[in-house]
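These notes are about the structure you will find just below.
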Amino acid sequence: MFQLLNDLAAHWRSMFPEANPGEFRIVPEKCPENMDGELTVNAFRYARLFKTAPDKLAELSEEFLSGHADVEKVSRVKAFVNVTLNPAALFRDTLADVAGLLGEAELDVEKRKRILIEYSAPNTNKPQHLGHVRNNTLGMAVSSLLKRVGNDVIQINLVNDRGIHICKSMIAYQRFGEGTTPEKAGRKGDHLVGDFYVRYNAELSKEIKELRAAQPDLAEKSDEELFLFTEIGRATQQMLQDWEAGKPEVIELWKKMNSWVFAGFAETYKSMGIKFDHTYLESETYLLGKDIVAKCLESGAFCRRDDGAVICDLGKKLGQKVMLRSDGTSVYITQDLGTTLKKFADYHPDSMIWVVGDEQIWHFQVLFGVLKKLGYPWADQLYHLAYGMVNLPSGKMKSREGTVVDADNLFAEMSDLAFAGCRERNSAGEPDDVLRRRADIIGMGALKFMLLKFNPKTTMMFDPQSSIKFEGDTGPYVQYACVRIHSILRKAEAAGLDYSAPDWGLLSAKAEKNLAIMAAFYPVQLQMAAEKLDCSVVVEYLLNMAKAFNQFYRECPVLAGDVPDDLKKARLALAASVLKVLEDGLATLTIGIPDAM
RNA sequence: GCCCCGGUAGCUCAGAGGAUAGAGCAGUUGCCUUCUAAGCAAUUGGUCACAGGUUCGAUUCCUGUCCGGGGUACCA
556 MFQLLNDLAA HWRSMFPEAN PGEFRIVPEK CPENMDGELT VNAFRYARLF
606 KTAPDKLAEL SEEFLSGHAD VEKVSRVKAF VNVTLNPAAL FRDTLADVAG
656 LLGEAELDVE KRKRILIEYS APNTNKPQHL GHVRNNTLGM AVSSLLKRVG
706 NDVIQINLVN DRGIHICKSM IAYQRFGEGT TPEKAGRKGD HLVGDFYVRY
756 NAELSKEIKE LRAAQPDLAE KSDEELFLFT EIGRATQQML QDWEAGKPEV
806 IELWKKMNSW VFAGFAETYK SMGIKFDHTY LESETYLLGK DIVAKCLESG
856 AFCRRDDGAV ICDLGKKLGQ KVMLRSDGTS VYITQDLGTT LKKFADYHPD
906 SMIWVVGDEQ IWHFQVLFGV LKKLGYPWAD QLYHLAYGMV NLPSGKMKSR
956 EGTVVDADNL FAEMSDLAFA GCRERNSAGE PDDVLRRRAD IIGMGALKFM
1006 LLKFNPKTTM MFDPQSSIKF EGDTGPYVQY ACVRIHSILR KAEAAGLDYS
1056 APDWGLLSAK AEKNLAIMAA FYPVQLQMAA EKLDCSVVVE YLLNMAKAFN
1106 QFYRECPVLA GDVPDDLKKA RLALAASVLK VLEDGLATLT IGIPDAM
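FYI, the numbering for the first sequence is 556 to 1152, going by this note's numbering.
Written out as structure tokens, the structure is:
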């Protein structure tokens, strides 16, 4: 934090002793490029606190700052006070103590929370696709971000491993699988099971088509309505009932196929670097909500409708919600109610976050409404982190229609593209396995960065032709800045340069000072991102920081022969500190950095 | 119908009431005997959907209209 801003705040207080501004901090803004200055104090923002005119406050600030030891120059435009700092003070307050600067991002102890975050939540009937990858990336990055600012974060997965859609893959396997296995077929387990899911849907469509042709009276009905008219549909329904009844051969098949999928998911998660603290299985939790509904019925919180369904009345805005079907079976929200209470009982978090697509906004409003109605004190600390769908240039992704971008294929494609790039640039003659490790980091970094660059709530467009990029506003751009710094530091070390006690005051070039000013905003940006649960803030920041470094790289040679030793050391220290910020940011986004590019 | 989200450059997207609205890509043009060109620099490109309102100031907040997307299940 800038000393001169604290001093200015104190000065304001002393100049307006009768005003009572309360707790406040002067939040600096970065002075726009075309203005004469580095930091801006926007007096418009604070004039009201002191019950004075913006111009007046600015004038008085200009006067005070022009006499301040840290200040080189002040200029004022309307109520904007633009300040140019002297280098020694600028670096003293920022990059000279980079550990201290990074520490500023941590929340005060009393503001830290125990946060349980649930994400991914895949079904075990098919492999994960780009939509899941967005979910996973958002989930892991937000978890990491919340941790970074000092919270205790518990990452949870809730796997949807039961239900009619799971039975579909099982039926198709029974009929067409011929006893194959991932080993025999040489296919990743989740993909193999997904193949049968696709096969199932093809069979179902065929039967529905035949049915419509044979019975004109059914032609008007929708596919969903015709499901139980088909032989395969009835068989699937029967299998679900057999599963719920615990029929041994169904359970056995279910366990076998699920184990294939779980092995596949484990690989996908490993590629992304995801580690959950706990994985709940819906097969173990899907009955949980029922007893709670029974209790609520008893207590009068819920009531029984004429047709026998149990409902919860949530008032005018949310209306009435069915909590239990008239036949006594649970619905989606029954399970969610149960698992939410279980998660709370297991971990006692202060707050819970669900990373789930925006099509479920209404569902979560209702769920939170039910929990509030039931009077849980933590019910106002529940957040649905709703993210938009990923569309393709051809339209929406649909598993059944095979228009999905498969996660594993995408990872491989990114890695291959990066690998080709690594090979072209392989001046050190590194072996392929080293290049492949680099390529994995670059490819995954590019993908995650791309997904995080969008504000979570935007419905984003993924164009395979242009979204897979390693140039411009991308992860590799930031990684590359890091790699450049690493390379310089390695060379400095080899030359025996000790830059542990640099003279920061030597760094007076615009590009050098700009790095310090940029760095000053990092902690605030992290906190803002955490508060908004929006990693795109961090992404944007890192791009700007990397850009500032690349300008410095061009304009201020660090190790060139004609640079005096003192300046070399100061620039080395500067680069090392910038690297710490970039590394911290990428790590917060769960993005790695290769050793070379 | 009602509810939520969006409409900003040719395209994909940023813009927590502030200064002359930005970035990347695409286009045009320079820079590799110089710490790695996955880079740097320059340049073209705008009725911030439309109409009102709030105020010192609105792309940002409010109201209305138009256009897209999602939701409005005893699906998940």
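All C-beta atoms, glycine included, are put in the ideal place defined by N, C-alpha and C. Since the structure is predicted, the reported quantities are computational estimates derived from the model, not experimental observations.
Residue i: first and last residue of the uninterrupted alpha helix (DSSP H) it sits in
i: W917; result: 916-928
i: R568; result: 558-570
i: D1120; result: 1120-1143
i: V704; result: First-last for V704: undefined, no H or E at that position.
i: E1067; result: 1065-1075
i: F731; result: 719-731
i: Q1106; result: 1091-1110
i: G984; result: Where G984 is concerned, there is no enclosing alpha helix (DSSP H), given that its DSSP letter is neither H nor E.
i: S854; result: 844-854
Under 8 Å between C-beta atoms of residue i and residue j
i: A1074; j: L701; result: no
i: K1068; j: L645; result: yes
i: P1149; j: R978; result: no
i: Y755; j: I719; result: no
i: G1030; j: K1003; result: yes
i: Q710; j: F820; result: no
i: K681; j: Y601; result: no
i: V629; j: L620; result: yes
i: L1062; j: A696; result: no
i: V1038; j: Y1077; result: no
i: Q1106; j: V1093; result: no
i: G1147; j: G998; result: no
i: D913; j: Y942; result: yes
i: L612; j: F605; result: yes
i: E822; j: K739; result: no
i: L747; j: T785; result: no
i: N691; j: I829; result: yes
i: V1133; j: L1070; result: yes
Selection from the options that minimises the alpha carbon distance to residue i
i: N597; options: N1099, A634, I997; result: A634
i: C851; options: L879, G749, A1056, P576; result: L879
i: M1152; options: L1141, A1056, H1041; result: H1041
i: Q1082; options: K666, S954, K681; result: K666
i: Q875; options: R859, Q890, T884, S885; result: R859
i: S838; options: A821, E822, K927, D891; result: D891
i: A654; options: L1144, I1146, A1128; result: A1128
i: V816; options: G694, D716, T1013, G1027; result: D716
i: P1011; options: A1064, A1056, M944, Y1077; result: M944
i: I1072; options: F899, P948, P587, P682; result: P587
i: L836; options: G893, D797, S826, K825; result: G893
i: L662; options: V632, V638, N706; result: N706
i: G686; options: Q1080, I996, D961; result: D961
i: L640; options: P677, D591, M827; result: D591
i: L929; options: D971, G855, G883; result: G855
i: D846; options: D971, Y728, K1102, L896; result: L896
i: V861; options: K811, V848, Q1034, V877; result: According to the sequence provided, residue 861 is Asp. The question's Val does not apply to it. For D861, the nearest C-alpha among the options comes from V877.
i: Y1108; options: D1117, A1036, N1099; result: A1036
Supposed contact pair residue j and residue i - C-beta distance, whole angstroms, cut 8 Å
i: G924; j: L1007; result: That belief does not hold up - the Cβ atoms of G924 and L1007 are roughly 30 Å apart, past 8 Å.
i: L1088; j: Y902; result: Contact doesn't hold; Cβ gap of about 19 Å is too wide.
i: S1091; j: F1017; result: The pair is not a contact, with the Cβ atoms about 16 Å apart (cut-off 8 Å).
i: Y1054; j: K1124; result: 4 Å
i: A864; j: S885; result: Going by Cβ atoms, the distance from A864 to S885 rounds to 11 Å, so no, they are not a contact pair.
i: V910; j: L940; result: 5 Å
i: L773; j: L783; result: Contact doesn't hold; Cβ gap of about 12 Å is too wide.
i: V959; j: H684; result: 4 Å
i: A1066; j: C1111; result: 6 Å
i: A1085; j: V704; result: 5 Å
i: I1023; j: E956; result: Not a contact, Cβ separation roughly 22 Å.
i: D648; j: M556; result: 7 Å
N- and C-terminal bounds of the beta strand (DSSP E) containing residue i
i: D707; result: 707-714
i: R993; result: From DSSP, R993 is part of no beta strand (DSSP E) but of the alpha helix (DSSP H) over 987-1008.
i: H833; result: 833-836
i: L671; result: 669-673
i: C867; result: 865-868
heavy atom of the ligand SAM below 7 Å from residue i C-beta
i: R1045; result: Of the ligands one can find in the structure shown there are none, so the ligand SAM has no counterpart to examine.
Notebook entry, point to check: At which residue ranges does the region 940-968 contain complete beta strand (DSSP E) runs of 3 or more residues, listed in the order of the chain?
Noted result: 945-947
Item checked: Every unbroken beta strand (DSSP E) inside the region 594-652 [3 residues or more] -> 594-597, 626-632, 635-640
Check: Which full runs of the alpha helix (DSSP H) of 4+ residues lie inside the region 876-917, going along the chain?
Finding: 887-902
Item checked: Minimum length 4: unbroken alpha helix (DSSP H) runs contained in the region 740-822 -> 744-769, 778-781, 786-799
Margin query: In chain order, what are the residue ranges of uninterrupted alpha helix (DSSP H) at least 4 long that sit wholly in the region 1023-1049?
Written below: 1030-1049
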